[in-house]
Every structure is written in C-alpha cells, then in structure tokens.
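Structure representation (structure tokens):
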C-alpha cells in the first residue's frame, strides 16, 4: 500500500504526516534514529506523525517542565520527569513521544527503580504509563493524539497552544474532559499555570521562581 505524505510547516513546528505505515516500519524508524530525539514520532494504527520542534516550542516545553517540578516540590509531592521517552504498545498499535511527561508519588519511585534495573520504561512489559503528559501544540496538530494517550492510560494531559494552558483529565478510561485544576498537583489551576507560563517567558528567572512559590503557597498573594 502506498504511503501518503502530508507536510505542515510553521515558525514553531514542522510536522509530516505519513499514512499506511506499518508497525514494523515505525519500530525500524525509531531504531534507525538511535539517540537523536528529533523528529519526535507519534503513531496511531498506520498513521505516523513526525514533529520537529523549533526553539520557541522547546522553550515553552522546558518552562512547563520546570513549573511542574517546582509546584510538586512546594506541594511535597515526589515527581520524576521522564522527558521525551518513547512509549508504545504493539498490541494497540499506538505510540508517542511527549514534549515532557511525569510520574508522581508511588509511580515516581517505581519508575526510578525500573530505570535503574533495566534502563528503560517498556509498556509492553506492564510498566506504568506516565501520570501526566505535556503537549505543546503551537500549530494545529495534524494527528489527534488524545485517543493515543487515552488508550495507553495517560490520566492527565496539559496542552499549551502558545497562549493558554488547558488541563485535560481522563474520564471513564476513554475520553478527556477539561478541568479547572490538576488531579495530581491540586495547587495548579489552568488559569494560574497560564499566567505563570506567560510571566516565565519574559521575567528574569529568579524573580519568576519567587512568583511560582508564592502562587503555590497562597494564590491570593501572587506578587505583582
């Protein structure tokens, strides 16, 4: 069957969508890419999206990751950042590589032990999927990734579009619904996170860190 190619370019991201791609080809492409993390691969039952992020995309992603770490620390919650690890399930023919992803509490400790023991997280062997996935989509994505995340058991997705962060929580193991606050980091509301990301893109980093800590400890006392 012929592979169909669609390309979407923007200043923030470049995406290539390939259709009629077999699971074997998907796994071969992952292996041939070796240690490089670009492009990132998203696979959904024959459809493969290749996404190459720009500097703008990566700056936003790293800022959100720092925000998650800080909110977890201020809240006394153990967290493990698994970055852009490849997660895939052959039985579902789905896989993804997030901008950032996180494990919390007991799962954080479990994943650290798994990585020490075998060096990787393998969903096909029953290892846990991330609790939280961060998705930066400054352009409209070619591939809807929510069904991939839902089928692999991702309980929460933070989606940032370059101006607003939305929190999506998995309901009934099938669909995501937008929520006002995180289920893992209850001090993190979508409104507060959006504001802190905007501030973090312009403020000096030490001042921004103080702002984050103040917002977590008492949202009403956020510094001006």
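In this note's numbering, the protein residues as written are 1308 to 1531.
Using N, Cα and C, we set each Cβ at its ideal position, and we do this for glycine too.
No experiment lies behind these values; they were computed from the predicted model shown.
Where are the alpha helix (DSSP H) runs, 4 residues long or more, that stay fully inside the stretch 1433–1489, in chain order?
-> Whole alpha helix (DSSP H) segments, 4+ residues: 1453–1458.
Reduced DSSP secondary structure (H/G/I, E/B, other) of residue 1402 | Assignment of residue 1402 by DSSP, reduced to helix, strand and coil, places it in the strand class.
Relative to the C-alpha of residue 1477, which residue among 1355, 1416, 1455 is closest?
-> Among 1355, 1416, 1455, the Cα nearest to that of residue 1477 is on 1455.
Starting from residue 1414 and walking both ways along the alpha helix (DSSP H), at which residues does that stretch end?
-> Counting along the chain, the unbroken alpha helix (DSSP H) around residue 1414 starts and ends at 1412–1425.
Burial state of residue 1463, where buried means 16 or more other Cβ atoms lie within 10 Å | Looking at its Cβ environment, which holds 16 or more other Cβ atoms inside 10 Å, residue 1463 is buried.
Best match in 1451, 1369, 1446 for proximity to residue 1354 [C-alpha to C-alpha] = Of the candidates 1451, 1369, 1446, the one whose C-alpha sits nearest the C-alpha of residue 1354 is 1451.
Short check: CB of residue 1372 to CB of residue 1441, under 8 Å?
-> It is a contact, given that the beta carbons lie within the stated cut-off.
Within 10 angstroms of its Cβ, does residue 1555 collect 16 or more other Cβ (buried), or is it exposed?
-> This structure leaves residue 1555 out entirely; the chain is present only between 1308 and 1531.
Bridge partners - residue 1257, DSSP secondary structure assignment | Any answer about residue 1257 is impossible in this case: the structure gives the chain only from 1308 up to 1531.
Nearest to residue 1504 by CA position, among 1368, 1461, 1330, is which residue?
-> Nearest to residue 1504 by alpha-carbon distance, out of 1368, 1461, 1330, is 1368.
In its own chain, which residues sit with a C-beta less than 7 Å from the C-beta of residue 1434, not counting the 5 before and 5 after it?
-> If the five residues before and after residue 1434 are omitted, its C-beta is found closer than 7 Å to the C-beta atoms of 1421, 1428, all from its own chain and listed in chain order.
To the nearest angstrom, how far is it from the Cα of residue 1332 to the Cα of residue 1510?
-> Distance between the alpha carbons of residue 1332 and residue 1510: 44 Å.
Leaving out five residues on either side along the sequence, give the residues of the same chain with a beta carbon under 7 Å from the beta carbon of residue 1419.
-> 1387.
Hey, how far is the Cα of residue 1322 from the Cα of residue 1359?
-> For residue 1322 and residue 1359, the gap between their C-alpha atoms comes out near 6 Å.
Cβ of residue 1393 within 8 Å of Cβ of residue 1408?
-> The Cβ atoms of residue 1393 and residue 1408 do not sit closer than 8 Å to each other.
Exposed unless 16 or more other CB atoms sit within 10 angstroms - verdict on residue 1416 | Exposed, because fewer than 16 other Cβ atoms sit within 10 Å of the Cβ of residue 1416.
Test item: CB-CB of residue 1491 and residue 1439 under 8 Å | By the CB criterion at 8 Å, residue 1491 and residue 1439 fall inside the cutoff.
Closest to residue 1362 by CA distance: which of 1469, 1498, 1486, 1518 is it?
-> Minimum Cα distance to residue 1362 is reached at 1469.
Of the choices 1327, 1379, 1423, whose alpha-carbon is the least far from that of residue 1495?
-> In terms of CA proximity to residue 1495, 1379 leads the group 1327, 1379, 1423.
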